[in-house]
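Since the structure comes first, as structure tokens, the remarks are kept for the end.
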Amino acid sequence: MDRPGKKGRLQRIFGRCKFTVDPHIEMVLSQQGKTPNAYYPVSYKVEAQSCAVPSFDERAGDWWLTKVGPFYTHGGYDWTNVFAHIHKPAVSRWATADGTVYVSDFMLASISKDNDIVGFPPIHQHHWHFSGANNMYQTKMSTHGDTQAMGFDQGKYSLLKEYNTSLRLARRFVPNRMMWAEFNDVRPAGSASLEWYVHSLAFFLKPEEPMKVEIMSWAMLGVGALNVEQSRAFTFQYDTTKQYTVWVYGAIPYMEEIIEAHWHTHQDMVEDVWFIHSTPDKLGLLEEPWAGMYWNAKSGEGNIEALKSFLDAKIESQNIWVCKRSDSIQGKIEYFDGYDQQAIPRKSYCHFDIEDHVPGTRFRYTFVSFLRPMRSGLPPTYRVHMGMQFTYRETPGNPYEMIQDTPDPSCDTILGGKGWAPTHNISALIAGHLRELPLHCSVAMVRQSGAALGDEKEILNTFWSVPVQMLADTSSHFVQDAWAAFKSYMFA
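Just so we're aligned, residue 2 is where the sequence shown starts under this note's numbering, counting upward by one.
Structure (structure tokens):
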């Protein structure tokens with residue numbers, strides 16, 4: 002995926018692209034502000050353009066490029082917010098008979114007026130998603146600031162994600178999508194005006210090609226806390242005077258193999274995150290005091306050291322595979338003159354060496370996070386992501402393979418009228434509406450959590466994430482009480 006020569010391949014694609022205004026890409030929001038809580042509409046005209054470039058390798062398909070802008074920024078970590086609705090006609094020429102489009106390589110980035118990549122710095126891609134037009138949770142492609150690789154000159158071209166053409170990997174991309182992105186100009190305040198554009202690039206297969214491909218899926222696996230205030234863009238707001246420990250458990254169904262996994266965290270408040278290929282019962286996490294940290298950020302001096310020591314002993318004694326962000330990020334931090342020596346994290350991978358996963362079965366994992374302020378000068382509260390961007394190959398013919406993320410009035414209503422609201426409380430949304438969702442909406446909402454809805458046990462595995470048998474076998478009052486309350490509410 003990181004084979005050399007990406008810059009040249011991108012230049013070749015851009016050189017053949019003739020951007021024109023695309024009437025099928027509807028600008029919904031174009032906003033800027035000093036903070037994301039103080040956005041205002043931009044005062045200049047923003048347009049959405051696109052072009053198609055035929056394939057120049059052995060694959061049958063076309064590159065589809067979009068260019069939204071221009072935007073003008075002046076540093077000071079100011080914010081730019083973009084929403085655009087991609088209507089079906091924009092990509093219908095690549096749709097199969099059932100309306101699905103299949104995409105392989107892609108890139109979500111910022112570009113200059115001359116169509117070169119604008120890296121970080123100066124533009125930080127806070128988040129850039131292709132999501133369902135009626136459901137933000139149906140993310141198919143995603144890029145963040147720490148998706149860029151080391152080495153500024155060449156690292157920015159690493160944003161092009163390429164997949165081995167001999168493996169014929171592709172992901173489903175149902176038309177009727179939403180561009181959803183926020184950016185920061187990280188130059189010093191008062192810098193010269195910078196003109197740039199929001200850009201996407203995707204390789205769409207010809208309609209006859211999907212019969213020959215293997216399907217891959219993407220998930221954002223991460224750690225949340227139900228006792229911490231949830232903020233915008235799926236972040237959790239932590240008190241920067243405290244330190245916390247929290248863990249969650251999940252499972253990815255119908256997984257054949259892992260294609261790529263790399264970290265995405267807000268490192269100023271994250272000391273470490275551990276991705277462990279094991280279940281909480283084997284790790285001893287259903288014992289007190291650790292059970293009380295399940296989806297519950299526990300503050301207290303010494304908790305971090307105590308939990309790390311406990312888990313290290315379990316991992317060593319059972320020879321359990323673990324990926325620690327603190328190991329992955331070594332040598333993946335860059336500093337740049339003129340940017341107040343801010344530490345910029347680069348793409349850091351988890352390299353999986355797992356032999357006991359049976360293709361086509363659930364891939365089970367436990368996520369553990371250790372949080373404390375990692376530098377001085379943080380605000381009183383800090384919004385945190387702690388997760389891993391996880392790409393994997395699906396088992397062919399799995400029960401949820403053909404569920405489409407088509408618009409549905411109930412999805413639309415639940416998600417705030419137009420499929421977006423800036424301050425959704427995710428856990429409340431799930432708890433409040435789970436029983437009301439049709440199957441395809443439910444699957445879309447929970448796909449990133451690694452399971453799909455079905456019977457009572459499936460719902461439990463998805464949202465409460467501890468298997469029924471495990472709960473039945475443990476004496477933990479916390480887990481038993483929590484399960485009783487959850488079951489009473491969900492299945493009353």
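Yeah, the Cβ is synthetic: ideal placement off N, Cα and C, and Gly gets one too.
From a predicted model like this one, the values you see are computed outputs, not experimental measurements.
- Secondary structure at residue 121: coil, using DSSP grouped into helix, strand and coil.
- Put simply, of 46, 39, 51 the residue whose alpha carbon is nearest the alpha carbon of residue 19 is 51.
- Pairing residue 204 with residue 107 gives a Cβ-Cβ distance under 8 Å.
- Residue 379 sits close to residue 241, with the two beta carbons spaced by under 8 Å.
- Non-local beta-carbon contacts of residue 196 in its own chain, meaning distances under 7 Å to residues more than five positions away in sequence, involve 71, 73, 114 in chain order.
- Here the alpha carbons of residue 327 and residue 376 stand approximately 16 Å from one another.
- According to the DSSP assignment, residue 311 belongs to the alpha helix (DSSP H) that extends over 304-319.
- Rounded to whole angstroms, the Cβ separation of residue 255 and residue 361 is 6 Å, and the two are in contact under 8 Å.
- The DSSP assignment places no complete alpha helix (DSSP H) segment of no fewer than 4 residues inside the segment 210-249.
- By the 16-neighbour rule on beta-carbons within 10 angstroms, residue 33 is buried.
- Distances from the alpha-carbon of residue 21 to those of 110, 69, 371 put 69 closest.
- In its chain, beyond the 5 residues on either side, 47, 49, 85 have a beta carbon closer than 7 Å to the beta carbon of residue 28.
- With a contact defined as Cβ atoms closer than 8 Å, residue 333 and residue 159 miss out at about 12 Å.
- Here residue 131 has 141, 142, 178 as same chain residues with Cβ atoms under 6 Å from its own Cβ, once five neighbours each way along the sequence are excluded.
- In this structure, the beta-carbon distance from residue 266 to residue 304 does not fall below 8 Å.
- Under the 10 Å beta carbon count, residue 57 is surrounded by fewer than 16 other beta carbons and is classified as exposed.
- Taking 8 Å as the cut-off, the beta carbon of residue 394 is found no closer than this to the beta carbon of residue 221.
- Relative to residue 127, the option among 163, 111, 118 whose CA is nearest is 111.
- For residue 160, there is no enclosing alpha helix (DSSP H), as DSSP marks it with neither H nor E.
- In the three-state scheme derived from DSSP, where H, G and I count as helix and E and B as strand, residue 381 is classed as coil.
- Here residue 283 has 315, 319, 321 as same chain residues with Cβ atoms under 8 Å from its own Cβ, once five neighbours each way along the sequence are excluded.
- The continuous alpha helix (DSSP H) containing residue 282 extends over residues 281-284.
- Residue 35 holds the alpha-carbon nearest to the alpha-carbon of residue 76 among 35, 381, 94.
- Measuring C-alpha to C-alpha distances from residue 363 to each of 270, 296, 257, 347 identifies 257 as the nearest.
- In this structure residue 297 touches residue 227 by the C-beta definition: roughly 7 Å separates them, less than 8 Å.
- Looking from the CA of residue 311, the closest CA among 324, 291, 299, 330 belongs to 291.
- A direct Cα-Cα distance of roughly 40 Å separates residue 252 from residue 15.
- Contact between residue 392 and residue 219 holds, with the beta-carbon distance rounding to 5 Å and staying under 8 Å.
- The DSSP-derived three-state label of residue 268 is helix.
- Pairing residue 193 with residue 82, the inter-Cα distance amounts to about 20 Å.
- One Cα belongs to residue 118, the other to residue 157, and the distance between them is close to 7 Å.
- Burial check for residue 354: the Cβ neighbour count within 10 Å stays below 16, so the residue is exposed.
- From the listed residues 23, 25, 45, the smallest Cα separation to residue 31 is found for 45.
- Between the beta-carbon of residue 365 and that of residue 150 there is about 30 Å, and that puts the pair past the 8 Å contact cut.
- Residue 95 is bridged by DSSP to nothing; it lacks a bridge partner.
- Under the three-state reduction of DSSP output, residue 363 falls in the strand class.
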